[in-house]
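S.K.: The opening residue of the sequence shown carries number 1393 in the working numbering; numbering runs sequentially from there.
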Amino acid sequence: MRPPYPLELVPLFLEFLNKRRTKFTFPLRLMEDLGIDRPSLFFAIGGVAPQGGGRLSEMWNPYATQWDQYQAASAAARDAGLVDEKDARWDLTPAGRDLTLRVRREADAYLASLPSPLAANDLARLASLLERAFEGTAASLDRRWHAHIPRARRMAGNGAHPMVALENAVYGLWQARDDCHVAAWRQAGLDGPTLDALTRVWRGEATSEAELAAKLTTQRPADVATELARLRRDGFVAPDGALRTTDKGAQARQAIEDETDRLFYSGWPDDVASSSGWIQEKLAVVNASF
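This is the structure in structure tokens:
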């Protein structure tokens, strides 16, 4: 695919992921049966399982400098027999793996039970086009950046039903876009926490170091101060006064966004690209039905 890219699809992907299981009550029953809360359950099935095990810094976002917020959830999931930890690496236990498969089967059944707002052939076509878009991005992105893309394969449901196939595709695209974004900012010479600080300043979310530290809840204030010092030294943030990006900083941050889009879309097949308007229309209808 060549520019202009269909940027309006990205918020539709996020909307789909946020809404498609809003009435899926099986996790509530699991929490009651296991005697754990939602963060503890999803530490196992939403953190350890998609990553295939790993350190907290690998399972969660790359923009943090501390992970204290996961201590209670990880301890409860371990006490429930769902995960084990050794040398700071977390893995599912056999019971955790069985539970993850059970949740996947129940989710498949739930999605298959939803009335489709589209004709059957349109829903199947939508899923197929987006699956091919995902495969195009995955194939074109250098494999050294494939940190989240493997999650799509691990967490995929039974795509024989079009709504499950659509979930597989959209989830895969979201993971692929994450990898494209990380590739863009790493190739620009930034680390995750510093990129997050720059982004908040670029968006005008904070006008002082104290406000910025309050926004960046997964970072220590001392880390935020170090990041700001670097951004000022590099000429990305104004040296004094209210926090704001310089022209150089704004251009650098926009360039990261543009490179993210290029990496994400450039591998899409031509017929998928030419169908982007149709995809937008039909996915919006699906999202409105949840």
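Ideal Cβ positions, reconstructed from N, Cα and C, are used throughout, including at glycine.
Out of curiosity, what's the CA-to-CA distance linking Pro1613 and Ala1598?
M.R.: Here residue 1613 refers to the residue found at position 221 of the sequence shown. Here residue 1598 refers to the residue found at position 206 of the sequence shown. Roughly 14 Å separates the two Cα atoms.
S.K.: Just to confirm my understanding: we take Phe1408, look at its own chain, exclude 5 residues before and 5 after, and list those with CB closer than 6 Å. What are they?
M.R.: The residue given as residue 1408 occupies position 16 in the sequence shown. Only Val1562, Asn1679 meet the Cβ criterion.
S.K.: Quick check: what's the CA-CA separation for Trp1459 versus Leu1510?
M.R.: What you label residue 1459 is simply residue 67 of the sequence shown in a count that begins at 1. What you label residue 1510 is simply residue 118 of the sequence shown in a count that begins at 1. Trp1459 and Leu1510: Cα-Cα distance of roughly 42 Å.
S.K.: With a Cβ-Cβ cutoff of 9 Å, do Pro1403 and Ser1681 count as a contact?
M.R.: The residue given as residue 1403 occupies position 11 in the sequence shown. The residue given as residue 1681 occupies position 289 in the sequence shown. No.
S.K.: With H, G and I counted as helix, E and B as strand and the rest as coil, what does DSSP make of Gly1528?
M.R.: By one-based count along the sequence shown, residue 1528 stands at place 136. Residue state, collapsed to three classes: helix.
S.K.: Indicate the three-state DSSP secondary structure (helix, strand or coil) for Arg1636 in the structure shown.
M.R.: Walking along the sequence shown from the start, residue 1636 turns up at place 244. Looking at Arg1636 - three-state DSSP - the assignment turns out to be coil, as it is neither helix nor strand.
S.K.: Which residues in the same chain as Ile1541 place their Cβ atom closer than 7 Å to its Cβ, once the five residues preceding and following it in sequence are excluded?
M.R.: For this step, residue 1541 is matched to residue 149 along the sequence shown. Once the five neighbours on either side are set aside, the close Cβ partners of Ile1541 are Ala1530, Gln1567, Ala1568, Asp1571.
S.K.: Under the three-state reduction of DSSP, which class applies to Trp1452: helix, strand or coil?
M.R.: Within the sequence shown, numbered from 1, the residue matching residue 1452 stands at position 60. In the structure shown, Trp1452 sits in coil (DSSP, three-state: anything other than H, G, I, E or B).
S.K.: What is the residue span of the beta strand (DSSP E) that Asp1476 lies within?
M.R.: Counting from one through the sequence shown, the residue named residue 1476 turns up at place 84. Start and end: 1475-1478.
S.K.: Taking 9 Å as the threshold (C-beta atoms), are Leu1590 and Arg1636 in contact?
M.R.: In the sequence shown, residue 1636 corresponds to position 244, counting from 1. In the sequence shown, residue 1590 corresponds to position 198, counting from 1. No, they are not a contact pair.
S.K.: Between which residues of its own chain and Asp1663 is the CB-CB distance below 7 Å, once the five residues before and five after are set aside?
M.R.: Along the sequence shown, read from residue 1 onward, the residue named residue 1663 stands at position 271. Taken in chain order, the list of residues that qualify is empty.
S.K.: Return the Cβ separation of Gly1444 and Arg1535 in integer angstroms, given the expectation that the two are a contact with Cβ distance under 8 Å.
M.R.: Walking along the sequence shown from the start, residue 1444 turns up at place 52. Walking along the sequence shown from the start, residue 1535 turns up at place 143. Gly1444 to Arg1535, Cβ: 16 Å. No contact.
S.K.: Does DSSP put Gly1581 in a helix, in a strand, or in coil?
M.R.: By 1-based counting over the sequence shown, the position of residue 1581 is 189. In the structure shown, Gly1581 sits in coil (DSSP, three-state: anything other than H, G, I, E or B).
S.K.: Contact defined as beta carbons within less than 8 Å: I believe Ala1575 pairs with Asn1560. What is the distance between those atoms, to the nearest angstrom?
M.R.: On the sequence shown, position 183 is the one that residue 1575 refers to. On the sequence shown, position 168 is the one that residue 1560 refers to. That pair is no contact at about 23 Å.
S.K.: Compute the distance between the beta-carbons of Gly1528 and Gly1669, then report whether it is under 9 Å.
M.R.: In the sequence shown, counting from the first residue as 1, residue 1528 sits at position 136. In the sequence shown, counting from the first residue as 1, residue 1669 sits at position 277. The answer is no: Cβ separation not under 9 Å.
S.K.: Please classify Leu1503: does DSSP put it in a helix, a strand, or coil?
M.R.: One-based indexing of the sequence shown puts residue 1503 at position 111. In this structure, Leu1503 counts as helix in the three-state DSSP scheme.
S.K.: Closest to Phe1434 by C-alpha separation, out of Arg1489, Lys1478, Met1393, would be which residue?
M.R.: Locating residue 1434 in the sequence shown gives position 42, where the first residue counts as 1. Ranking the options by Cα distance to Phe1434, first place goes to Arg1489.
S.K.: Closer than 7 Å by C-beta to Ala1499: which residues in its own chain qualify, once you throw out the five before and the five after it? Chain order, please.
M.R.: Residue mapping note: residue 1499 aligns to position 107 of the sequence shown, counting from 1. The answer, listed in chain order, is Arg1413, Phe1416, Gly1549.
S.K.: Hey, would you say Ser1466 sits closer than 9 Å to Leu1448, going by beta carbons?
M.R.: Against the sequence shown, residue 1466 aligns to sequence position 74. Against the sequence shown, residue 1448 aligns to sequence position 56. The answer is yes: Cβ separation under 9 Å.
S.K.: Pull the bridge partners of Trp1660 from the DSSP assignment, please.
M.R.: Against the sequence shown, residue 1660 aligns to sequence position 268. According to DSSP, Trp1660 bridges with nothing at all.
S.K.: When DSSP builds the beta bridges, which residues end up paired with Arg1481?
M.R.: Counted from its first residue, the sequence shown places residue 1481 at position 89. DSSP lists Lys1478 as partners of Arg1481.
S.K.: Residues in the same chain with beta-carbon distance under 8 Å from Ala1634, minus the five sequence neighbours each way, listed in chain order, please.
M.R.: Position 242 of the sequence shown, counted from the start, is the residue given in the question as residue 1634. These residues qualify, in order along the chain: Thr1599, Ser1600.
S.K.: Which same chain residues end up closer than 7 Å to Met1423 when comparing Cβ atoms and leaving out the 5 residues on each side of it in sequence?
M.R.: Counting from one through the sequence shown, the residue named residue 1423 turns up at place 31. Cβ within range, chain order: Asp1429, Arg1430, Leu1433.
S.K.: Bridge partners of Val1380, per DSSP?
M.R.: Outside the shown range of the chain (1393 to 1682) lies residue 1380, about which nothing can therefore be said.
S.K.: At which residues does the alpha helix (DSSP H) containing Leu1510 begin and terminate?
M.R.: Reading the sequence shown from its first residue, position 118 is the one you call residue 1510. Here Leu1510 belongs to no alpha helix (DSSP H), and DSSP marks it neither H nor E.
S.K.: Would Ala1644 count as contacting chain C if we go by Cβ distances under 9 Å?
M.R.: The displayed structure is made up of one protein chain only, and chain C is not part of it.
S.K.: On the DSSP bridge assignment, give the partners of Ser1446 in chain order.
M.R.: On the sequence shown, residue 1446 is found 54 positions in, with the first residue counted as 1. Here residue 1446 is Gly; the residue named in the question, Ser, does not match the sequence. According to DSSP, Gly1446 bridges with Trp1482.
S.K.: Taking the C-alpha atoms as reference points, what is the distance between Asp1483 and Ala1441?
M.R.: Numbered from 1 along the sequence shown, position 91 holds the residue referred to as residue 1483. Numbered from 1 along the sequence shown, position 49 holds the residue referred to as residue 1441. Looking at the two C-alpha atoms, the distance is approximately 8 Å.
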